[in-house]
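Engineer: Sharing a structure here in structure tokens format.
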Amino acid sequence: MDRFSLSEQATLKSHFFIRSIDALGSDSLLLSRESARRETVQAGPCLHIIVPTLQCAHSCQYCQVSRSLTDSHHVMSDECLYKACESIFQSEAKALTVEFQGGDPLLRFDMVQAAVLYIKKINLSHHKNIRFVNRPDFYRYFVASEKYCCS
Ligand code: SF4
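Numbering-wise (this note's numbering), the sequence shown opens with residue 526 and increments by one.
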């Protein structure tokens, strides 16, 4: 350990390559991270991502997926949406996270709603613990919240 500078040690510790001998909770934290790393293998895939559309009102430089609002070929068909919902239940995991991404998934909020309702319906016979997450275009929310706060 002495061969590393304090800064290097801090970097290695923060990435869990080495652990602090005297830091409280270090062992538990490492065990927890190790367990999380194996979770997919032991419990089955728990994160499922549905992309209703690649369309987005923005064109961030780093974004590799967004398509213009006028584009018509990058929206999921209803058939694909329902198949995607059904495939989620192939996982053995008892707790699932279903995340809606895009593009901006809320441009097709109708599809997000349809997927949530369909997944809940299927889950009546599976009894899994399901969490829904949206990854929208936050710009619209900043504008909306700014308008709301200023009104
Ligand atoms: S807001 Fe998100 S989806 Fe839209 S262009 Fe930017 S990174 Fe891509």
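Ideal Cβ placement from N, Cα and C applies to all residues, glycine included.
State the CB to CB distance for the pair M601 and P570, rounded to an integer number of angstroms; the pair is presumed to be in contact (CB under 8 angstroms).
Structural biologist: With 8 angstroms as the limit, M601 and P570 do not qualify as a contact, their Cβ atoms being about 19 angstroms apart.
Engineer: In chain order, what residues of the same chain have a beta carbon less than 7 angstroms from the beta carbon of Y643, not counting five sequence neighbours either side?
Structural biologist: Y607, C610, listed in sequence order.
Engineer: Measuring only the C-alpha atoms, how far is P566 from E559?
Structural biologist: Checking the displayed sequence, the identity of residue 566 turns out to be Val instead of Pro. One C-alpha to the other measures close to 12 angstroms.
Engineer: Kindly indicate which three-state DSSP category I655 falls into: helix, strand or coil?
Structural biologist: strand
Engineer: Assuming I575 and F634 form a contact by the criterion Cβ under 8 angstroms, report the distance between their Cβ atoms to the nearest whole angstrom.
Structural biologist: Rounded, the Cβ-Cβ distance is 13 angstroms, inconsistent with contact.
Engineer: At the level of alpha carbons, what is the spacing between Q638 and R660?
Structural biologist: Distance from the CA atom of Q638 to the CA atom of R660, rounded to whole angstroms, is 14 angstroms.
Engineer: Please report the straight-line C-alpha distance between L631 and N654, rounded to a whole angstrom.
Structural biologist: 23 angstroms
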